Every structure is written in structure tokens, then in C-alpha cells.
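**Q**
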Amino acid sequence: MALGIFNWGIYFGYGLSYVVGNFVTAADINGKGWRWSYIVGGLMGILATMMLLNVQEPTRKSQPAAKQKSLDNDIPSSASIEGSQTCHSELEIEEHPKTVMDKNPKIRNPKGKCSQYMDSIWKGDSGLKEVLKALCTPSMLVIALAAGVRHTAGFSWAYNTQLYFLTYYPEFNLGLWVSGCSILGGSLGVAVGGFVSDRLVKRLGLRARLYVLAGSQLLATPFATGVLYFAPPWAFLSLLGAYLFAEMWFGVLFAVIIELVPGTVQSSAIAVFLFVMNNVGGNLPVLVDPLSHILSYRGALIVMYPGGYLLSSLIFFLASFLL
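Read in the numbering used here, the sequence shown has 222 at position 222, and its numbers run on one by one without any break.
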């Protein structure tokens, strides 16, 4: 649930973008039109930066293992001692190459700094090798596929929301409607998803989180279809339901990842997972355009938006059998 609340900023930011984009542009301040939308957005970024610079780092009260790991890192390891010896050895080799190498055969092929740096990235308990090993299990690969499909569905709608309503309902001002649905539905959904999964996981184990992922996307599918079927304002009531159920997934997904990967690579694993998921979800919505030539604009969105929810629900459910 904590992960879900942490992601509230996504829904507030997305929702406010419609208020700024529609109403600030319409105000046409000093004749600058849409440019003021970017100015207002930039001012918010400056405000956020000032807040970050003045917020203190919270004290970590949990994760004793991480603290012990930090303490262990303060103690010189055999590897660091050996690396130090290697540096001294390199100096000795430069001064007396033949004598030193004859006395100590271990330094005949000393590693350079670049090689040592690459080893530190690739090897070790938190190296890239361990990250890929943790992510390349059957369960994680299927979860990544489901997450990519779900993200594609969400981005397909997000990229086309304004254009869809301008195409079919040009007289309707959607600014406050989309903002309200996103902020209210998204924020409630992500918190409820975390709350429900935290309760079920105590009874059913880790699979319960995947059941929540699958069930939430299944419940969101008819509401997402209603968004494209009904005219405003009923479309926005359906959108509220779609956000409420569909956005239950975000915090739950990262709770699953944290529980499946070793503690030493959790941060790196989430970063790699996000990189893959965002690249898949951020690029596949380009399929909306070619699909719209085959079907229609609304038909293409039905395939990519509620269709993506339904497909991700099925894949999340299949992933539960791999745990």
C-alpha cells in the first residue's frame, strides 16, 4: 500500500496536465497561447526542485541487513587489499620490471583500472549479472510481458485521450473531467490495490498479488470499453471506474518484484524492469495509427486500450502458476 501511495504523484501530475493544457492555453496570456502551458509546467518543476533541496533524507528504521551490508563495506575486503597491492605492484613493475615479475608471478598480468571497474559492475552480489539472473526467471519474464502489455494499454489511452474527444465530441471541454477522473480514480485505485493485496497475501501468499493484478485489469476492461462506447458525460463516469480498477496494479506490481528478487539487487532490478516496461509501453502505442486505417480510430483504441487490459489480465493470471 505504501508503494501505491508513493505513486499518487503520477495521477495528480497527469490530471493537472489537462487543466493546464486546456484552460491556460485558452486564456491566451499575452497572446502566447499554448506556450504558457509549458511555462506553467516549468514553474512547477522549479517549485518541486526547491522542495527536494529542502527535504531531509528520512531515517531508515528497517532493513537491518542493509545496514550491516553498509558496515561491511566500510571494512577493507580482501579484494580491495588485493587491488591496492596491485596498484603498488604496477609502480614497482615500472621501476624494476624484470626483478619484480620474477619474484611475484601473480602480478605478471595485472588488471587495469578499466577492467576492475567493469568487474565491479558485472560481478558481485549486486552486479548486473545478478540483476539479470534475478529478472530472467520464467515467472519474472511472464510478469514483465504482462506489465508491458498493461503499460501499452495505459499509454495508448493517455496519448490519445485529448485527440479522441476532439475527434468525436469537439464541442465538449474535457479538461476538468479527465483531471478529476485521473486524480480521484487513479489515486483511490492504486491505494485500494495495495490495501487489498496486503490483506490477501497474508492468507494466500505471494500469488494473491498476481490475483489482484489479474482481477483488477479484468474488472477495468468493461469500463474502458464504456469510455469508447458512451458519449460524454457518461463516458467520464465509465472512465472513473476504469481508472479505479486499472490503476490498482502499479504498487502491487513493484511489491511482487521486491518479493521475488534478492535484497541485494532490488533497486537495480526495479530500474531495469522499469526501463524495459516503459520502452515497450511507450513505443507500442504507435500501432494505433495503422490499426485506425484498418478498423477506425475508435476501433483501434478498443483493441489497444480495453483489449490490452484484458490480455494483461490473462498473462498476470498465467504468471501466478509459475510462482
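Glycine included, C-beta positions come from ideal geometry on N, C-alpha and C. These numbers were taken from a predicted model, which means no experiment stands behind them.
Whole angstroms are fine: how far does the CA of Leu213 sit from the CA of Arg376?
**A** The structure shown does not extend to residue 376, since the chain is modelled only from 1 through 323, so no value can be given for it.
**Q** When the distance is taken between beta carbons, is Leu322 closer than 8 angstroms to Val201?
**A** Contact: no.
**Q** Does DSSP put Asp198 in a helix, in a strand, or in coil?
**A** helix
**Q** Enumerate in chain order the residues of its own chain whose CB-to-CB distance from Leu16 is below 7 angstroms, with the five nearest sequence positions on each side excluded.
**A** Take Leu16, set aside five residues on each side of it, and the residues of its chain with a beta-carbon closer than 7 angstroms to its own are Ser179, in chain order.
**Q** For the alpha helix (DSSP H) holding Lys129, just list the boundary residues, first then last.
**A** Leu128 to Leu135
**Q** Can you tell me whether Met304 is buried or exposed? The criterion is at least 16 other CB atoms within 10 Å of its CB, across all chains shown.
**A** buried
**Q** Roughly how many whole angstroms lie between the Cα atoms of Ser268 and Arg209?
**A** 21 angstroms
**Q** Report back the beta-carbon spacing between Gln162 and Ser313 to the nearest angstrom; my notes put them in contact at under 8 angstroms.
**A** Gln162 to Ser313, Cβ: 27 angstroms. No contact.
**Q** Our contact map puts Val190 next to Trp8 with C-beta atoms below 8 angstroms; I'd like the distance itself, whole angstroms only.
**A** 7 angstroms
**Q** Could you give the first and the last residue of the continuous alpha helix (DSSP H) run that contains Ile29?
**A** From DSSP, Ile29 is part of no alpha helix (DSSP H); its letter is neither H nor E.
**Q** Using alpha carbons as the reference points, say which of Val196, Lys129, Ile270 and Val20 lies closest to Trp249.
**A** Looking at the Cα atoms, Val196 is the closest of the given residues.
**Q** Once DSSP output is grouped into helix, strand and coil, what is the label at Val288?
**A** Helix.
**Q** Exposed or buried, what is Cys181 when buried is set at 16 or more other beta-carbons lying within 10 Å of its beta-carbon?
**A** buried
**Q** Rounded to whole angstroms, what is the Cα-Cα separation between Tyr309 and Thr221?
**A** 6 angstroms
**Q** Apart from the five residues on each side of it in sequence, which residues of its chain come closer than 8 angstroms, Cβ to Cβ, to His88?
**A** Here the model assigns His88 a pLDDT of 47, short of 50, so the residue's position is not dependable, and the following value carries that caveat. Correct list: empty, nothing qualifies.
**Q** In its own chain, which residues sit with a C-beta less than 7 angstroms from the C-beta of Ile81, not counting the 5 before and 5 after it?
**A** Here Ile81 scores only 41 on pLDDT, less than 50, and its place in the model is too uncertain to base an answer on.
**Q** Suppose you measure from the CA of Tyr14 to the CA of Ala224; what does that come to, to the nearest Å?
**A** 18 angstroms
**Q** What is the rounded straight-line gap between the Cα of Ile270 and the Cα of Phe254?
**A** Roughly 7 angstroms separates the two Cα atoms.
**Q** Helix, strand or coil, according to DSSP, for Leu295 in the structure here?
**A** coil
**Q** By the 10 Å Cβ neighbour count, where 16 or more other Cβ atoms means buried, how is Thr152 classified, buried or exposed?
**A** buried
**Q** Nearest by alpha-carbon distance to Ala26: which of Ala146, Glu130 and Gly175 is it?
**A** Gly175
**Q** How long is the line joining the alpha carbons of Asp28 and Phe165, rounded to whole angstroms?
**A** Spanning the two alpha carbons is a distance of roughly 22 angstroms.
**Q** Can you name, in chain order, every residue of its own chain whose Cβ lies under 7 angstroms from the Cβ of Phe230, other than the five neighbours on each side?
**A** Ser238
**Q** Just the Cα atoms here: how many angstroms apart are Pro290 and Leu206?
**A** Here the C-alpha atom of Pro290 lies approximately 39 angstroms from the C-alpha atom of Leu206.
**Q** Closest by CA to Cys136, which one among Leu318, Leu284, Val272 and Pro58?
**A** Val272
**Q** Any beta-carbon of chain E closer than 8 angstroms to the one on Leu213?
**A** In summary, chain E is missing from the structure at hand, where a single protein chain is found.
**Q** Out of Ser320, Phe23 and Leu228, which has the shortest C-alpha to C-alpha gap to Gly156?
**A** Here residue 156 is Ser; the residue named in the question, Gly, does not match the sequence. Considering only alpha carbons, the answer is Leu228.
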